[in-house]
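**Student:** Sharing a structure below in C-alpha cells format, with a few things to ask.
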Amino acid sequence: MSITNSRMLKTFDEPRGGLGVAWLATFRRDATLLLRRRSDLMNPLVFFALVITLFPLGISPESRQLATIAPGLLWVAALLATLLSLDSLFRIDLEDGCLEQLLLAPQPLAALVLAKVAVHWLMTGLPLALMAPLLGLMLGLPVQGFAVLSLSLVLGTASLSLIGAIGAALTVGLSRGGVLLSLLVLPLYIPVLIFGAGAVQATLLGDGAGAHLAILGALLSLALMLAPWAIAASLRISING
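The sequence shown maps to residues 99 to 339 in the numbering used here.
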C-alpha cells in the first residue's frame, strides 16, 4: 500500500481525526493520485477536443450550420467525456484495498465519497467547462454564448459527476462494468443535457438563460443532497453483497 494510502488510513483511525480532517485527507489523496495518472487526467479532455474537431468533417464546414448545432454538440461531447473517466472512480481503490477501509471508517461514508466526486469534477468537469468556449470558436459559436456555456457546464458537469458516481459504485465490482455504467446513468443525464444545451441556445436567441440555469442549479442541489447517500449505499451493496 502506498504512503499516501497509509497516511489517509491513519487519519481515519485517529480519534481526533474529525470529519473535516478525513474529508480533506480523502480529497488530497485522490487529487494526488489523479495528478500522477496523467493519462486518466488527459483522456477526457483529448476526447472532448477530438469529437468537436472531427464532427464538422462529417456534417458540413459551413459556419452557420455549425453554429446552430454547437450548443448541443458541445454538451453531448462534454457529457461523454465525463462518462469516460467515471469507470475508474472507485475501481483503483477497490484494487488496492482502500475502498474497504473507507467503508470501515468511523466517518460517514457519504461525506468521504463526496470528496472523491469533488476531485473527479475538479479534474474533469471544470477543465471541460473552461475548454468549451475555445472549441466553440471552431464551431462558430457566437461570443455572447461563451459565458453561459461555461456556467452551464460548471453546474451541469457537477451534477453529471454526482449521478455518474452512483453508477460507478454499483458497477465497481464488475470486471467489465463500463457498458453497464453507461446504460445506468445515461437516462439520468438527459435532464441535465436538455437544460444545459437549452441555456446556451436561449442566450443565442435572446431569450435569456436564467430559467435554464436555475433548473440546472436545482438539479445540482438535489444531486448534492441525495447522491452521496446513494453512492454510499451502492458501494456497500457492491462490496458486501
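Beta carbons are placed, not taken as given, at the ideal position from N, Cα and C, and that holds for glycine.
#1: Would I264 and V283 be called neighbours here (beta carbons separated by less than 9 Å)?
#2: Which whole runs of the alpha helix (DSSP H) in the segment 247-323 are 4 residues long or more, in chain order?
#3: For A117 versus A209, is the C-beta spacing smaller than 9 Å?
#4: Going by Cα to Cα distance, which pick from L182, G234, T180, K214 is closest to C196?
#5: Does the segment 151-170 come close enough to the segment 237-257 that 3 or more CB-CB pairs lie under 8 Å?
#6: Kindly indicate which three-state DSSP category L164 falls into: helix, strand or coil?
#7: Just verifying my parser: in three-state terms, what is the DSSP assignment at I337?
#8: Is DSSP giving Q94 helix, strand or coil here?
#9: Where does G116 sit, in a helix, a strand or coil, going by DSSP?
**Tutor:** Here's the rundown:
#1: yes
#2: 276-303
#3: A small fix is needed here, since residue 117 is Leu in this sequence, not Ala. For L117 and A209, yes; Cβs fall inside 9 Å.
#4: K214
#5: yes
#6: helix
#7: helix
#8: As displayed, the chain neither begins before 99 nor continues past 339, which places residue 94 out of reach and without an answer.
#9: coil
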